[in-house]
Amino acid sequence: MLKVLKTFRFRYILAISIMMIVITTAMATMQVLLSQQAASARVINTAGMQRMLSQKAALLLGAEYIREHPGTFDEQQMLRDTLSTMAENQAFLLQQSEQRYVHLSADLQTFYFQQPVALARRVDQFIVLVESAHKQALLGQLKVERLIQVQTRASELLVYLDQAVTLHELVATDKVKKLQNVELFIWVFGLLILILEARWIFYPMEQSIQNKIAHLQKLRLEANRLKRSKSEFLARASHEMRTPLQAIMGYLTLFKESAKAAHLEVVEHAAKQLNILLSSIDDYNVLSEHKDIKLESKVACLCETISHSVAIYKPLLQQKSVLFNIDLGEGLSNAVACDHNRTAWLVGQILDNAVKYTEYGEVSLEADCIVTKSGEGIFRCIISDTGPGIAQSQAKIDEEENFQGMQLGLTRAQLIVTMLGGKIDFSDNVPHGTQVLLELPVDIVKQSPPSSIIKRREVPVLLVEDNLLNARVVVTLLEKLGLSVVHVVNGQEALSELKKQDFSLVLMDLNMPIMDGFTAIKMIRHNLGLEVPILVLTANTSEQAVSRVYELGANTHLFKPVDLQALQEKVEILIIPSVASSIL
Numbered sequence: 392m393l394k395v396l397k398t399f400r401f402r403y404i405l406a407i408s409i410m411m412i413v414i415t416t417a418m419a420t421m422q423v424l425l426s427q428q429a430a431s432a433r434v435i436n437t438a439g440m441q442r443m444l445s446q447k448a449a450l451l452l453g454a455e456y457i458r459e460h461p462g463t464f465d466e467q468q469m470l471r472d473t474l475s476t477m478a479e480n481q482a483f484l485l486q487q488s489e490q491r492y493v494h495l496s497a498d499l500q501t502f503y504f505q506q507p508v509a510l511a512r513r514v515d516q517f518i519v520l521v522e523s524a525h526k527q528a529l530l531g532q533l534k535v536e537r538l539i540q541v542q543t544r545a546s547e548l549l550v551y552l553d554q555a556v557t558l559h560e561l562v563a564t565d566k567v568k569k570l571q572n573v574e575l576f577i578w579v580f581g582l583l584i585l586i587l588e589a590r591w592i593f594y595p596m597e598q599s600i601q602n603k604i605a606h607l608q609k610l611r612l613e614a615n616r617l618k619r620s621k622s623e624f625l626a627r628a629s630h631e632m633r634t635p636l637q638a639i640m641g642y643l644t645l646f647k648e649s650a651k652a653a654h655l656e657v658v659e660h661a662a663k664q665l666n667i668l669l670s671s672i673d674d675y676n677v678l679s680e681h682k683d684i685k686l687e688s689k690v691a692c693l694c695e696t697i698s699h700s701v702a703i704y705k706p707l708l709q710q711k712s713v714l715f716n717i718d719l720g721e722g723l724s725n726a727v728a729c730d731h732n733r734t735a736w737l738v739g740q741i742l743d744n745a746v747k748y749t750e751y752g753e754v755s756l757e758a759d760c761i762v763t764k765s766g767e768g769i770f771r772c773i774i775s776d777t778g779p780g781i782a783q784s785q786a787k788i789d790e791e792e793n794f795q796g797m798q799l800g801l802t803r804a805q806l807i808v809t810m811l812g813g814k815i816d817f818s819d820n821v822p823h824g825t826q827v828l829l830e831l832p833v834d835i836v837k838q839s840p841p842s843s844i845i846k847r848r849e850v851p852v853l854l855v856e857d858n859l860l861n862a863r864v865v866v867t868l869l870e871k872l873g874l875s876v877v878h879v880v881n882g883q884e885a886l887s888e889l890k891k892q893d894f895s896l897v898l899m900d901l902n903m904p905i906m907d908g909f910t911a912i913k914m915i916r917h918n919l920g921l922e923v924p925i926l927v928l929t930a931n932t933s934e935q936a937v938s939r940v941y942e943l944g945a946n947t948h949l950f951k952p953v954d955l956q957a958l959q960e961k962v963e964i965l966i967i968p969s970v971a972s973s974i975l
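Heads up: the sequence shown at position 288 corresponds to 679 in my numbering, and the numbers run straight through without jumps.
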């Protein structure tokens with residue numbers, strides 16, 4: 392928004408500046424032209440005055456000739472003033488600047504200086520003639536012949552002065568026409584500038600403002616939609632998490648009463664299903680920010696992956712008196728590398744949809760892992776139900792609610808299937824209901840004997856965790872891997888322990904009092920200068936936090952809750968090379 396305001400301000404200032412330049416230029420041009428017009432008017436007045444002065448000089452000379460007492464002071468002074476003014480006017484009209492005549496056009500220069508007229512010379516001769524006759528009159532020697540000569544010259548000069556005035560007027564008329572043309576040009580140019588400003592400055596500003604307003608309105612509607620969507624999502628998330636949580640609490644109660652190991656297995660499945668739901672929340676946040684979901688591949692058996700979803704929905708179908716047929720192939724017992732959490736989520740969402748719309752009859756699940764001739768593995772799962780079928784079920788729900796549960800929708804399911812390189816197909820079941828085929832590629836992993844390098848000697852590791860319950864769980868898992876664990880509750884204590892002894896691995900939580908994990912990692916790498924492997928264990932799934940720990944120097948990370956297999960994979964990657972090198 393600030394950038395838009397700066398753009399509008401720049402365009403507005405540009406438009407005002409252009410108009411100021413145009414107005415200033417027009418004003419300056421008009422002032423110059425008007426001053427030229429004033430000079431032209433003065434020239435015409437001066438040229439016209441020459442006519443009057445020539446006739447006045449002749450009349451004053453005649454009056455002095457017939458006066459009884461010639462040579463009185465008033466008449467002399469008036470005649471002298473007349474001749475002096477006439478000479479000054481002549482000098483003004485013939486004024487030069489930089490070797491050019493200021494007030495004479497080419498035609499006037501010809502008229503004033505070239506034959507047959509040569510007006511400048513005629514005026515000078517007339518002034519000299521009158522002055523000579525005036526001197527004779529003062530001495531009483533002026534004769535009538537000389538007076539007649541002056542009158543004749545005055546008449547001839549009057550004709551030429553009239554022509555000069557006409558030529559001066561023509562020059563002024565040309566200047567007036569030029570002034571009119573300049574005024575018209577300035578007017579047209581001003582209109583053109585206004586049109587250009589309207590088209591290229593104000594119209595784009597208006598369009599940009601309208602677009603920004605429309606964009607802001609769209610953002611406001613999107614924000615309101617996201618607000619409603621997130622509120623609904625949180626409500627659904629709370630509801631759906633209660634399903635595995637109810638199973639955990641219920642089967643724990645049953646375990647207390649009967650101490651059956653099968654009850655604990657259901658609790659384990661429910662806990663893992665709860666973890667899968669938490670992963671769905673992370674995916675929801677990523678998709679809300681229009682980012683790509685990052686797949687997390689790990690090695691495990693698909694049989695165990697499928698069992699998480701089956702264990703949750705089996706009691707729900709029993710409550711509805713719906714038969715649940717399960718057929719799991721032997722290929723599921725093979726260890727495969729894939730995104731097991733999202734695979735379990737897809738199976739769980741398809742099952743959830745089947746449970747939701749099947750009120751009677753049965754729900755069937757067939758799953759197997761098939762190895763192709765080329766050695767590639769394909770996880771194939773077929774889930775069918777005896778519900779109303781695709782057409783009727785889709786008529787009840789919109790596109791975003793094609794799946795129950797978190798209702799992240801068919802869009803997310805298809806997106807994840809595409810990212811996993813698989814396919815999902817919906818078809819009508821016979822005689823009624825829906826059948827869903829899910830196929831995902833997996834990598835078959837040949838199991839190797841578990842490494843015993845760690846177990847043959849006590850490897851010291853440092854656990855930095857402020858939550859004592861989480862610390863107790865992680866310490867138990869690490870001890871199962873044959874590791875010797877030192878536990879501290881914050882980063883400051885971790886730095887103290889690292890100064891006292893050497894560790895083969897540091898497991899670091901991030902959010903802790905006194906000194907958090909970010910600061911501790913930075914201090915380990917920069918202040919202590921240690922290259923000890925750092926495994927971050929955190930419940931903070933934000934992309935910014937994960938990127939930051941790697942920038943500070945962490946080697947890898949795991950999100951809580953942590954299971955033994957995932958922890959063992961990370962520990963083996965970080966510790967075994969250094970331990971193996973020390974043994975050899």
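Beta carbons are placed, not taken as given, at the ideal position from N, Cα and C, and that holds for glycine.
Only a predicted model underlies this, so the values are computations on that prediction, with no experimental measurement involved.
Beta bridge counterpart(s) of residue i as assigned by DSSP
i            : result
residue 1063 : The displayed coordinates of the chain run from 392 to 975. Any statement about residue 1063 would go beyond what the structure contains.
residue 728  : 690, 834
residue 1044 : It is not possible to answer for residue 1044, since the shown part of the chain is limited to 392 through 975.
residue 857  : Paired residues: none, contrary to the question.
residue 774  : 756, 827
residue 874  : 850
residue 420  : None, per the DSSP bridge assignment.
residue 814  : 830
residue 947  : 926
residue 879  : 855
From the options, residue whose alpha carbon lies closest to that of residue i
i            : options            : result
residue 985  : 449, 489, 488      : The chain is shown only over 392 to 975; residue 985 falls outside these bounds and no answer can be derived.
residue 728  : 406, 639, 407, 686 : 686
residue 716  : 875, 723, 426, 701 : 701
residue 434  : 526, 816, 486, 451 : 486
residue 942  : 957, 565, 910      : 910
residue 778  : 476, 713, 591      : 713
residue 722  : 632, 736, 696, 737 : 696
residue 864  : 955, 577, 693      : 955
residue 591  : 403, 965, 806, 820 : 403
residue 1000 : 522, 767, 548, 480 : Residue numbering for the chain in the displayed model covers 392 to 975; residue 1000 lies beyond these limits and cannot be assessed.
residue 889  : 810, 583, 563, 924 : 924
residue 868  : 501, 916, 961      : 961
residue 480  : 599, 444, 502, 934 : 444
residue 580  : 746, 939, 905, 410 : 410
residue 693  : 768, 478, 746      : 768
residue 976  : 690, 826, 914, 551 : Past the boundaries of the shown model lies residue 976; the chain is included only from 392 to 975, so the question cannot be answered.
residue 707  : 753, 691, 690      : 753
Outcome for residue i when other beta-carbon atoms lying within 10 angstroms are tallied against a minimum of 16
i            : result
residue 535  : exposed
residue 441  : buried
residue 524  : buried
residue 894  : buried
residue 845  : Per-residue confidence for residue 845 stands at a pLDDT of 47, beneath the threshold of 50, marking its modelled position as unreliable; the derived number appears in the next sentence. Its Cβ being crowded by 16 or more others within 10 Å, residue 845 is buried.
residue 569  : exposed
residue 401  : exposed
residue 731  : buried
residue 605  : exposed
residue 881  : buried
residue 787  : At residue 787, the pLDDT of 47 sits below 50, so the modelled position is not reliable and the matter cannot be decided from this model.
residue 841  : The predicted position of residue 841 is uncertain, since its pLDDT is 49 and thus under 50; a value taken from the coordinates is nonetheless stated next. Residue 841 is exposed by the Cβ-count criterion.
residue 975  : Any reading at residue 975 must be qualified, since the residue scores a pLDDT of 35, below 50, and its modelled position is unreliable; the value itself is stated next. Residue 975 should be labelled exposed.
residue 820  : buried
residue 718  : exposed
residue 1006 : The requested residue 1006 is not part of the displayed model; the chain covers only 392 to 975.
residue 751  : exposed
residue 699  : buried
residue 798  : Because residue 798 sits at a pLDDT of 45, beneath the cut-off of 50, its placement in the model cannot be relied upon, and the following sentence gives the value as read from the coordinates. Buried, since its Cβ has 16 or more Cβ neighbours within 10 Å.
Is there contact here, the stretch 919-929 with the stretch 945-964, by at least three beta-carbon pairs under 8 Å? yes
Does the stretch 765-774 come close enough to the stretch 817-833 to have 3 or more Cβ pairs within less than 8 Å? yes
Write down every uninterrupted run of the alpha helix (DSSP H) in the stretch 894-941 whose length is 4 residues or greater and which is fully enclosed by it, in chain order. 908-913
Does the stretch 652-667 come into contact with the stretch 632-642, if we say contact requires no fewer than three beta-carbon pairs (one atom in each stretch) closer than 8 Å? yes
At which residue ranges does the stretch 677-725 contain complete beta strand (DSSP E) runs of 3 or more residues, listed in the order of the chain? 689-692, 714-719
At a cut of 8 Å, does the stretch 896-910 reach the stretch 849-861 through at least three beta carbon pairs? yes
With three or more C-beta pairs closer than 8 Å as the rule, is the stretch 735-750 touching the stretch 759-768? no
Below 8 Å, can you find three or more Cβ-Cβ pairs linking the stretch 554-570 to the stretch 491-506? yes
Mind the definition here: the stretch 533-549 touches the stretch 451-458 only if three or more C-beta pairs lie below 8 Å; say whether that holds. yes
Where are the alpha helix (DSSP H) runs, 4 residues long or more, that stay fully inside the stretch 487-572, in chain order? 497-504, 510-529
Touching by the beta-carbon criterion (3+ pairs, under 8 Å), the stretch 537-546 and the stretch 421-431: no
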